[in-house]
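Asker: In our numbering, the protein residues as written are 223 to 1131. Let me begin by handing over the structure; questions about it come next.
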Amino acid sequence: MRGTLTPGQERNGIMAIARRLHGEVWVAGSGSLVDEVVAALSPHGVVVVTGEPGTGKTWLAGRVLDAVDRKRVVIGCRGLPDGPYVLVREMVSGLAGGDLRPVLAAVEADELHHVCRALRDLLGAWLVVVEDLECADHRSRQVLRYLVTRPPENAALLLTWTPGAEPPLGTRLSSAASAGMHHVEVGPWTAAETAAFVGRSCAGELHELTGGVPVLVHALVNHLSSEEDQPREALRRKGVPRSVSELVEQRLASLPEQARPVVAAAALSRRPVSISLLGEVCGLGAPEVEAALAAAVDTGVMASADGRAFTFHPPVSGIVVERGLHPIERRRGHAAYVAALHRDQDAPGDLVFHSRSAGDLVTAARYAERAVQHMNTADAIELLQELLAEPDLPRAQRGALAVRLGRLGLGSLAYDETVALLRGILADGRLPAGLRGELRLDLALLLANQAGDGESGRAQLRVAIAELGRRPALAARAMSALAVPYWGSCHVAENLRWLAEVERTVPDRGDPVLLLAIAVNRASTLAQIGDPRAWDAIAELPADGATIGERRELLRGCANFSDAAIALGHHLAAADFLTGAEDLASRSGPSYPWQMATSNRLRLDHVTGRWDGLAERAKAYLELATHTTFVAVDASLVLAQLALARGEWDEAEEYLGAHGLRSMNGWYGPVVICAAATRIRLALVRGRTEEAVDELAATVEVLHGKGVWAWATELVDAGVEALLLTGDPVGAKRLLDEFAADVAGRDCPFAHSMVPFGRAAIAAARERFDDAATLYDQAATLLAALPRPYEHARALEAAARCLPPSSGRLTEATRLFTTLGATWDLARCDHLVREHGGTTGARPGRRGYGTELSPRERQVARLLALGRTNRQIAEVLFLSPRTVERHAASVLHKLGATGRDELRPEDHG
């Protein structure tokens, strides 16, 4: 309950609100409001409580009665018989100990003024509570008005009523204002208050259904199980709680008989209804409908913001009305809606709903075919899934709708239910082969893309090709998917054989979207393996699409091309592809490819050194991309690599554990190989060399099976380092030579930049330091041109280690690491400088920072906030534990913190 207690200026004859008390939950207790009402009634006074049904008037009155110790009489007006002075007689019968005769005599004589005076004298020091005053008889309300405006000296009155057309005590109660009458207005909860009480993901829908009325929220929460996260559908299926039905039925009881058919028809609509539509559905003229709706508004059953569209108030009332209709009445009503709406080109979704509810599934399927063309992908998929779940849907309609669903599902993030539906439909052995093949193609693409199950997807594709023998364009589409090298463990030679088969069999004419999808797959395959022909294949694609379907295919292409370009080192091209993807997405709606492109942007920002705020963006993306783990893995990889560079090794290990960052079920995209490289580096940092070598061996085995190394640059870099650290320069050279031979004829500049880096590391291990420095410098120049600033800085640092002290290289490496925020690498570089007597980088004890943290102190503060010990911090920052202890004390002192647990990592990021 949200309540307000106010003496003050008059509003509609009652004291207006001067102060609001927020967040008072009536079911849990509103002590402050109860206390204020009790104070307003002590030792005498008048408090009027108003509010819609279910907002807590009775609750408040009950708590006030519990809190006071005085004689009281309590009357509920709802259900009292008609007739003059009925309420007054009830009051008198409860006032024991006084002389009742003057009041009763005046009542019998119908002398209103004498009744008022006699009752006022009789009240003495009693507390009188009258609930639902709007239900009292007219004469009794006149008596109450007298008592409110001329309150007894020692008595107290607590009155409750539900607002209606006219206040039950009339208007212009200025004398009551001067007499100190108080008004408490109780209202519904806000959405935030409902969410706080409900504590479930469906709180928003519950708030909408109930209008925030506390008693309704409470009843529905108790009625619905914790697993039911779609309250509206659950209520239609299992019914409405009796307490809610009774509350609605109280309002419905006062509806005129002639208004009931109109209200019943309105309850069958999913959205606000107009007067004209209800007239057509009910077969009534506008005046009759207007009168019925006016009565419904007056009784609080319905509401309208503009006088043109009407809806139930609150919406759960409509469900109560609908559930109260006989099933035959409901079907007839829905059929009437279909007849009324069939000419409306803007209502295909409503026509599907009403046709289905009327039991006409063939008509519903026909309208569904039209509706999905005008809906966003998520809504269209939900509509088709609901219709396909109908067990009586004829086979022909089921097949046609399933094809629609499969096509839409390819661009959707939520794929589980669509996959299950397609599997179920394919189990029907009576489907024609061509239709079966088309559905299987969609299932295969969903499995390989959104589900990340490349092996299952490829198996379904091979079956689909056989089923599509008479549909060459669809068969070519399936072949083009088998050409994608990321899916499955097969050798790249097999992918290229399928690509050649596509080029041989694809028809010259056909569905533009289908032919464009095949062309996109061809270009994607070439790009992913670093084939120079990819650029011509991409250039042959149209710059824009004439339809949403074509734009979505081009968007998918941009996502694929940017992914390959990032892995290969074409970073400017990747940025252009992502810009194109953003434009296409803005004109084709949210989709799975757009989510891919968004995650690719995170990776591009990481490799090109845009690290400022990157961790926060990646974490935010992880929270949003909950539907498809194989889209979210890019963000997890970026966070792992950032954490590794900052010396936050526990966090890096946690991020690397994300589902999808290992090659499971035949998914071998660049992100999986990069994750393996990051695990190798992390294992080396933590002294687990055997683990690093095992990870390398397992991933190299995968690459041998694939026969392509274009996206394995980071793995080879980490692998060479691991093998050299374990004393195996021969193995390191063998790995690098195999990699260099494969990428030599491919268009992958990142790989070409890191080949001299690897050769330099091997030369340095063999103590050929001049050769190593020259090769590192060559790598640094190539990496700077890409750009790959992190690897560029690593190359400069490595070159400096091979030569006599050289401040130039180390200064530039330090600058790059500082700009990136690579704490661990910066500390390592700074340690090298200190070893040679230099002062480049962050320095402890630097004067001039005053109460602000120095750069070194900020590094220490973040690691302290992450729970690291002094020894662990010393290991990351290449300092002694005693030095770290001194920095830690300074950090706590400057920040005014009494302990490490008061520090937050994000404040020192």
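All residues carry an ideal CB built from backbone N, CA and C; glycine is no exception.
Going by the CB atoms, is the gap between residue 347 and residue 279 shorter than 9 Å?
Answerer: Not a contact, by the Cβ cut-off of 9 Å.
Asker: To the nearest angstrom, how far is the alpha carbon of residue 868 from that of residue 752?
Answerer: C-alpha separation (whole angstroms): 32 Å.
Asker: Does the segment 713–730 come into contact with the segment 759–768, if we say contact requires no fewer than three beta-carbon pairs (one atom in each stretch) closer than 8 Å?
Answerer: The segment 713–730 is not in contact with the segment 759–768.
Asker: In the DSSP assignment, find the unbroken beta strand (DSSP E) run with residue 377 in it and report its ends.
Answerer: Counting along the chain, residue 377 falls outside any beta strand (DSSP E), and DSSP gives it neither H nor E.
Asker: Taking only three categories from DSSP, how would you classify residue 788?
Answerer: Residue 788 falls in the helix class under three-state DSSP.
Asker: Residue 290 to residue 376, Cα distance in whole Å?
Answerer: Each residue's alpha carbon lies about 15 Å from the other.
Asker: What three-state label does DSSP hand residue 216 in the structure shown?
Answerer: Residue 216 lies beyond the residue range present for the chain, which begins at 223 and ends at 1131; the question has no answer from this structure.
Asker: Rank 1045, 776, 559, 1075 by C-alpha distance to the C-alpha of residue 1101 and give the top, closest one.
Answerer: Looking at the Cα atoms, 1045 is the closest of the given residues.
Asker: Would the beta-carbon of residue 747 fall within 9 Å of that of residue 1008?
Answerer: Against a cut-off of 9 Å, the Cβ pair of residue 1008 and residue 747 comes out as no contact.
Asker: Are residue 771 and residue 735 closer than 9 Å when you measure CB to CB?
Answerer: Yes; because the gap between Cβ atoms is below 9 Å, this pair is in contact.
Asker: Going by beta-carbon coordinates alone, are residue 779 and residue 745 separated by less than 9 Å?
Answerer: Closer than 9 Å, so yes.
Asker: Please classify residue 929: does DSSP put it in a helix, a strand, or coil?
Answerer: Coil at residue 929, not helix or strand.
Asker: Below 8 Å, how does it come out for the segment 553–560 and the segment 579–588: are there three or more Cβ pairs, yes or no?
Answerer: Taking 8 Å as the limit for Cβ pairs, the verdict is that the segment 579–588 does touch the segment 553–560.
Asker: What residue range is occupied by the uninterrupted alpha helix (DSSP H) comprising residue 328?
Answerer: Note, residue 328: alpha helix (DSSP H), 323–331.
Asker: Checking the sheet assignment: what are the DSSP bridge partners for residue 1097?
Answerer: In the DSSP output, where bridge partners are listed per residue, residue 1097 has none listed.
Asker: Starting from the N-terminal side, write out each stretch of the beta strand (DSSP E) that is 3 residues or longer and does not extend beyond the segment 406–464.
Answerer: You should have found no qualifying run.
Asker: By the DSSP assignment, the alpha helix (DSSP H) with residue 1140 in it spans what residues?
Answerer: The question about residue 1140 has no answer here: the residues shown for the chain are numbered 223 through 1131.
Asker: Which term fits residue 399, buried or exposed, when burial requires 16 or more other beta carbons within 10 angstroms of its beta carbon?
Answerer: Note on residue 399: pLDDT 49, under 50, position unreliable in the model; the coordinate value appears next. Burial call: buried.
Asker: Is residue 471 helix, strand or coil when you go by DSSP?
Answerer: In the structure shown, residue 471 sits in a helix (DSSP, three-state: H, G or I).
Asker: Who are residue 496's beta bridge partners in DSSP?
Answerer: Answer is 531.
Asker: Check whether the segment 262–282 and the segment 377–388 touch, using three or more Cβ-Cβ pairs below 8 Å as the test.
Answerer: Touching, yes, given that three or more Cβ pairs across the two stretches are closer than 8 Å.
Asker: Just the Cα atoms here: how many angstroms apart are residue 789 and residue 934?
Answerer: Approximately 8 Å between the Cα atoms of the pair.
Asker: Exposed or buried, which one is residue 444 when buried takes at least 16 other CB atoms within 10 Å?
Answerer: It is exposed - the Cβ of residue 444 has fewer than 16 other Cβ atoms within 10 Å.
Asker: For the beta strand (DSSP E) that contains residue 1080, what are its first and last residues?
Answerer: Counting along the chain, residue 1080 falls outside any beta strand (DSSP E), though it belongs to the alpha helix (DSSP H) covering 1077–1087.
Asker: Name the DSSP beta bridge partners of residue 298, please?
Answerer: In DSSP, residue 298 forms a bridge with 353.
Asker: Cβ of residue 627 within 9 Å of Cβ of residue 606?
Answerer: Contact: yes.
Asker: What are the uninterrupted segments assigned as beta strand (DSSP E) that are 3 or more residues long and contained completely in the segment 590–657, given in chain order?
Answerer: Counting only runs of 3 or more, we get nothing.
Asker: Helix, strand or coil: which one does DSSP assign to residue 779?
Answerer: Here residue 779 sits in helix by DSSP.
Asker: Evaluate residue 1038 with the Cβ neighbour count: other Cβ atoms within 10 Å of its Cβ, from every protein chain shown; 16 or more gives buried, anything less gives exposed.
Answerer: Burial call: buried.
Asker: What is the DSSP secondary structure of residue 709, reduced to helix, strand or coil?
Answerer: Strand, per DSSP.
Asker: Checking contacts by CB at 9 Å: is residue 768 closer than that to chain C?
Answerer: Among the chains of the structure shown, chain C does not appear; only one protein chain is present.
Asker: Name the DSSP bridge partner or partners of residue 525?
Answerer: DSSP, once it has assigned bridges, lists 533 as partnering residue 525.
Asker: To the nearest angstrom, report how far apart residue 802 and residue 856 are at their CA atoms.
Answerer: So the two alpha carbons sit approximately 20 Å from each other.
Asker: Residues in its own chain within less than 6 Å of residue 1115 by CB, not counting five upstream and five downstream?
Answerer: The answer is none, since no qualifying residue turns up.
Asker: Please confirm whether residue 303 and residue 332 have their CB atoms less than 9 Å apart.
Answerer: No.
Asker: Tell me the rounded alpha-carbon separation between residue 541 and residue 612.
Answerer: Rounded to the nearest angstrom, the two C-alpha atoms are 22 Å apart.
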